[in-house]
Amino acid sequence: MVDYNSSLSPQTGFLVCLSNRFSTFSADVLVNLYQPILGSQAFGLFYALKSNLSKHPVISNRTAHSHLLTRLNIDVKQLYQARIRLEALGLVRSFETSDQLGDVVVYELQPTLTPQQFIDDDLLSVLLLEAIGEQSFADLVNDSIAYQYDTVSLQAVTKNFFDSYHINQNDVTKLPDTIRESRQKFEVSNANEHGSLIKSDFDFKLLLQLLSSQPIDTKDLTANRQLIENEHLIYGIDEPQMARLIMQATSLTNNQLDKKQLKHLISASYQQVPIKTDEQVKK
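Per our numbering, residue 753 is the first one in the sequence shown, and the count goes up by one each step.
What follows is the structure, encoded as structure tokens:
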């Protein structure tokens, strides 16, 4: 486990604000897709933070972390472990500063991904599959697409914007000051939530060297690089171990990697390890 930040104490202040994209947050997605891999304490911490949102937040208007500790009935170390789980899954961004009142942490709540974005994310989908199993995973996917309809074979007749609205060209090319000033207010935070948080130290070139004498399609390995590195991040598998697993999961008939077989081999032999963010690696 990652050691908790010793600078965090019950007396450390905190302030909660929202990402400018938080309007896309879905409570259903948080419960159905994130909660199984967050765990109860991280899940509880998210809603505890959300209940402490500050309208027009000001750094001096802070609350002590002891409030969160009492509400969740946990200690500082448990709170920090819950916090870094939220950070790793892109649900919270944390910022620290100090002033005459002492140390303070600003928690910026991030929106959930859409179900499709979540399933398309290799790391998140693998973690969820491992947590709930194949049947429950398939049920969640089916629930997510329950109200969708395949319109590919139909003729699109939707009208575009200018079919219904007529805008003066001068109004578009020279926007009023009110609009430009309003846009600037939304430019407080535009960072990607979770994609840039995860850092892989896996040496893929070394893996290719270890497998160079084996009858394995190198192009196929390269095409599956993201999967291989994600499995390394989740289970802490080094390059020699991964090479042996890939050899076991490669078809003898076409020299192609069987991705499903690789996942099964890994999940049967290894336990998940905590995923560290770039910030945690530096500490």
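Even glycine gets a Cβ: it sits at the ideal position worked out from N, Cα and C.
Task: First and last residue of the uninterrupted beta strand (DSSP E) at Asp851 - done: 844–851
- Query: Taking DSSP as the reference, what is the three-state secondary structure of Asp915?
  - Reply: helix
When Glu983, Leu1004, Leu831 are compared against Ala1020, the one with the closest alpha-carbon: Nearest C-alpha to Ala1020: Glu983.
Exercise. If you draw a straight line from the alpha carbon of Val893 to that of Phe795, how long is it in whole angstroms?
Worked result: Each residue's alpha carbon lies about 21 Å from the other.
- Item | Residue of Arg837, Gln852, Asp851 minimising C-alpha distance to Arg845 | Arg837
Among the residues of its own chain, which have a CB less than 7 Å from the CB of Thr880, if the five just before and after it don't count? The sequence shown places Leu at residue 880, rather than the Thr named in the question. Cβ neighbours of Leu880 beyond the five flanking positions: Leu785, Pro788, Ile789, Phe889.
* alpha helix (DSSP H) containing Tyr899: first to last residue? -> Neither: Tyr899 is in no alpha helix (DSSP H) and is coded neither H nor E.
Query raised in the report: Can you tell which of Asn976, Thr764, Thr866 has its C-alpha closest to the C-alpha of Ser775?
Result: Thr866
- Query: Ends of the alpha helix (DSSP H) at Gly796?
  - Reply: Membership of Gly796 in the alpha helix (DSSP H) is indicated by the continuous run 792–802.
Apart from the five residues on each side of it in sequence, which residues of its chain come closer than 6 Å, Cβ to Cβ, to Ser761? none
>> As a quick exercise: from Ile811, Phe798, Pro992, Gly842, pick the residue whose alpha carbon is nearest that of Asp855.
In response: Ile811
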